[in-house]
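Only one structure is covered here, and it is reproduced in the block below.
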RNA sequence: GGGCGCAUAGCUCAGCGGUUCAGAGCACCUGCCUUACAAGCAGGGGGUCGGAGGUUCGAAUCCUCCUGCGCCCACCA
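Residue numbers (this note's numbering): 574 to 1464.
Have a look at this one:
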């Protein structure tokens, strides 16, 4: 054997992610690997990041989401596609305004103290700070985003896109302004979309109140959960078919406490089965009532101020908070004996998704998008499969929402966001404009006033897949990278974002924005609770990266998260990824330690089948199988399975067996080919693992001999592995038998408490001539790996005393000479158990085969397999019985 | 009120249209510092696959019902 000078490429003895992760990211970024060129070239592959809110730093949910995206991107990049991972952030209107207002509150200030301009400036400062921090976190996570293309939803370009869409929709009549009941958050002081008003079931009260009839001794009984709104009642409604009230329709009731006359109308909406069958109509404070009011010409009387205190229309209750007013009104009604019943009642109450305040249905002027026309193409796209969902069940959820879509409230009474591009001139002309106008396009008058409201934050996000690429300009980026390919996101924003992006994609581009929607699960804590700041149960990705490295974080998150399933995470779970990285590091270290200096190994592709030993063939076959499995899992977006497949291969095939086997060959005549296989498989394994663990794979890969890297500068841009198609199935089976033999020998020793240091002889009995011949040559390895002093492969069972045996399968058994270590009683019990197990299996199998229906109806190959199994079991039992008999004669 | 989903080892979950499918990781037990790795190696224990029925030669796997969780949607005051 030639000199074994330690390779200069030797790895440091200790794996330290902190040291290497920062280094490689900078190199990749500098070399421009993240920045695919637009224009002609290889097939593009695009993912746009779901832009994180600039409200704060990234949490574990982002960690999972962005890792999935990066793994997909990295694989496609290695497959030769022009992979673009487009990063960015979202201004998150209400949410960001809220956090900045909270910050101000800590200084004793309100936004009004600053004024609109100064306040918005302050929010920009916040955005700069957190936007940078988010980008920094993403870099630490190792995601290969194209930073040159990073976008923010309020960038000039994206703002232009927002205006363009607004004006188009406005001019086509798809945007309108109207006085409607919307969800009003009294704390945020703004309208919310239906999606932003989250419904929460809660226990409430249902009061039944008597409304006297005018000019009559009788009264109507009316049920309500919000008595304070009665001050705004302008009518009573009953079902037209309700016999109880038929005579009252057209008559008048008197509003208690106020004395207002309320017309009694008949409307289909009323459910005669519920409550008393008679409903008070409060058009200004309930969406249903609003529509009833419209149908019957009942006026809408607003009794609330925007901060949810009663307004002057509430008379003596003016100025009171809505809940206090409720108490007072109930008390007053009680005093007059008008409360007939109070029951507890479970019902859904809307709450602001940002501050959890109970929202108030509130009548006000807002801007809306007519959704019906936009929904059609979006619905058709999923129905005919142009857009696919993973897991598939989300398709139904998506379609259900689109089928029942309602108009979208897009105006918000806040300051942070895209100002609504609508102006009114002194003469009352209203118009929308792409550019800030100087004068009225209709009458030329100046003194224009812009609508003070801003747009819902999603009004910019829904354009994200194309606004980020330059739209409305026809840029090269847009032509190259749109439509994007895979959208990875959480189910919570399926309506907010995903469905609307599809609508916008078809409306603006005439094409779907992406092909696959992959819904990832929610990251929860060990108890299954949502990670949240208030619970303090969140795990900060930055801490995990600091402690275990980004590779460990990524790998753990991915392999613990089956597609679309929530995952419960405990901090110690990250040891899985960390340990794996460490294992890989040491395996590579071992391989490198055995490289002669200046040696130029061949790549795997250059090896010939004839040079390879049986176990090398087994390993290469396993590699091929793994590559195929990984690809299959990727194609189904089952990244956890893909990751596990690589993990299992590298750890349990490569480290556990291949390296151990190779140890015997490295110094012998087969040393060179053994090293080439070991190196080549490591190299391919690294590429297979790279999307999951980009840093450690690069670090190791860079230290491989130059010939293996094939002149490629980085593993990031190396080729994705492909199966070689060796077809070594037979060898693989034989090697599997050898592994079973070794395991059996180890098991025998352990069962009899043989000290590992004790080298005892091993006998392997193989009935089949061909198999035996194959194993004879491996005797030395069999002995070494089972801790035996030597191995004897023969056709007959060992005759001598002091042996314990195990039947591996029919015709193959293993015996170890433990001599005085053998505890006869223990051995007898063990064999007894073996026999029983085999008998049970045999009887079950025989039962099946005795069943005529099974033999006739089951597929032929299934029956054949059962027959073979039975034969094997009978042979095994025969041997076990004779082993037991031999044991008995020893006494 | 409607829709969807989940219940498999102590924990987190695989088992992707049935017949070596009862698995993985972690945890646990036993023994090992075997010159890559104790963040490791070897061996091991542990589950009537939520319950009840049904279909079938055969069901953790398909169907029905029940129980217990979770999520989404919802204009019954």
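Where a beta carbon is used, it is the ideal one built from N, C-alpha and C, also for glycine. Small disclaimer: the values here were computed from a predicted structure and weren't measured.
Can you name, in chain order, every residue of its own chain whose Cβ lies under 6 angstroms from the Cβ of residue 690, other than the five neighbours on each side? Correct list: empty, nothing qualifies.
Output the residue ranges of the alpha helix (DSSP H) runs that lie fully inside the segment 815-849 and measure 4 residues or longer, sorted by chain position. Those alpha helix (DSSP H) runs which fall completely within the segment 815-849 and span 4+ residues do not exist here.
Separation of residue 846 from residue 694, as counted between CA atoms: Each residue's Cα considered, the two are about 55 angstroms apart.
Could you please give me the residues that DSSP links to residue 1080 through a beta bridge? According to DSSP, residue 1080 shares a beta bridge with no other residue.
Residue burial classification, residue 586 (beta-carbon count within 10 angstroms, cutoff 16): By the 10 Å Cβ count, residue 586 comes out exposed.
Can you list the beta strand (DSSP E) stretches of 3 or more residues lying completely in the segment 582-623, in chain order? If we require 3 residues or more, the beta strand (DSSP E) runs fully inside the segment 582-623 come out as 617-621.
Residue 1321 lies in the alpha helix (DSSP H); which residues open and close that run? In the DSSP assignment, residue 1321 falls within the unbroken alpha helix (DSSP H) covering 1302-1324.
Residue 865 and residue 842 closer than 8 angstroms at C-beta: Less than 8 angstroms divides the Cβ of residue 865 from the Cβ of residue 842.
According to DSSP, simplified to helix, strand and coil, what is residue 853? In this structure, residue 853 counts as strand in the three-state DSSP scheme.
Neighbour-count burial assignment, residue 612, 16 or more Cβ in a 10 Å radius: Burial state of residue 612 is exposed, judged by a 10 Å Cβ sphere holding fewer than 16 other Cβ atoms.
Rounded to the nearest angstrom, what separates residue 851 and residue 811 at their Cα positions? In this model, residue 851 and residue 811 are separated by some 5 angstroms (Cα to Cα).
Three-state secondary structure (DSSP) of residue 933: In the three-state reduction of the DSSP assignment, residue 933 falls in the strand class.
Can you check which of these residues, 1092, 1009, 991 and 1062, is closest to residue 998 by C-alpha distance? The shortest C-alpha separation from residue 998 is found at 1009.
Would you call residue 1285 buried or exposed, if buried means 16 or more other Cβ atoms sit within 10 Å of its Cβ? That one is exposed.
Judging by CA-CA distance, which residue of 1118, 1219 and 1251 is the nearest neighbour of residue 1166? The residue among 1118, 1219 and 1251 with its C-alpha nearest the C-alpha of residue 1166 is 1251.
Rounded separation between residue 835 and residue 855 - CA only: Spanning the two alpha carbons is a distance of roughly 11 angstroms.
Which of the three DSSP states is assigned to residue 577 in this structure? Bear in mind that a pLDDT of 40 at residue 577, under 50, signals an unreliable position, so the number given afterwards is only what the model happens to contain. It is coil, neither helix nor strand.
To the nearest angstrom, report how far apart residue 1345 and residue 1317 are at their CA atoms. Put simply, the backbone Cα of residue 1345 is about 17 angstroms away from that of residue 1317.
Among all the DSSP beta bridges, which residues are the ones paired with residue 1339? 1385.
Determine the contact status of residue 1378 and residue 1385, defining contact as a CB-CB distance below 8 angstroms. In this structure, residue 1378 keeps its C-beta atom at 8 angstroms or more from the C-beta atom of residue 1385.
Distance between residue 1431 and residue 1249 (C-alpha atoms, nearest Å): Taking C-alpha positions only, residue 1249 is separated from residue 1431 by approximately 47 angstroms.
Which class does residue 671 belong to by DSSP, given the choice of helix, strand or coil? Under the three-state reduction of DSSP, residue 671 is assigned to helix.
Do residue 747 and residue 942 come within 8 angstroms of each other at the CB atom, strictly closer than that value? Yes. Within cutoff.
Is it the case that the Cβ atoms of residue 1212 and residue 1258 are separated by a distance below 8 angstroms? Not in contact: residue 1212 and residue 1258 (Cβ atoms no closer than 8 angstroms).
With 16 other CB atoms within 10 Å as the buried threshold, where does residue 579 fall? Any answer about residue 579 is weak, because its pLDDT of 42 lies below 50 and its placement is not dependable; what the coordinates show is given next. It is exposed - the Cβ of residue 579 has fewer than 16 other Cβ atoms within 10 Å.
In terms of alpha-carbon separation, which member of 594, 617, 637 and 620 lies closest to residue 1114? Residue 1114 has its Cα closest to that of 637, out of 594, 617, 637 and 620.
Measure the C-alpha to C-alpha separation of residue 1456 and residue 1408 and round it to an integer number of angstroms. C-alpha separation (whole angstroms): 10 angstroms.
Going by the CB atoms, is the gap between residue 1147 and residue 1182 shorter than 8 angstroms? Between residue 1182 and residue 1147, the CB-CB gap reaches or exceeds 8 angstroms.
What would DSSP say about residue 1041, mapped onto helix, strand or coil? The DSSP-derived three-state label of residue 1041 is coil.
So what's residue 860 in DSSP terms, helix, strand or just coil? Of the three classes helix, strand and coil, the one that applies to residue 860 here is helix, per DSSP.
Among 1263, 1243, 1157 and 980, which residue has its Cα nearest to the Cα of residue 1228? Comparing Cα positions, the closest option is 1157.
Could you check the C-alpha separation between residue 610 and residue 603 for me, to the nearest Å? Straight-line Cα distance between these residues: approximately 15 angstroms.
Is it true that the CB of residue 594 sits closer than 8 angstroms to the CB of residue 1265? Their beta carbons are not under 8 angstroms apart, which means residue 1265 does not touch residue 594 by this criterion.
Is residue 1093 closer than 8 angstroms to residue 1071 when the C-beta atoms are compared? Not a contact, by the Cβ cut-off of 8 angstroms.
May I have a chain-ordered list of the alpha helix (DSSP H) segments no shorter than 4 residues that lie completely inside the segment 1168-1213? Every alpha helix (DSSP H) stretch that sits fully inside the segment 1168-1213 and reaches 4 residues is listed by chain position as 1187-1208.
My parser needs the beta strand (DSSP E) runs of 3 or more residues fully inside the segment 994-1051; what are they? Residue ranges of uninterrupted beta strand (DSSP E) with 3 or more members, entirely inside the segment 994-1051 and ordered along the chain, are 995-997 and 1003-1005.
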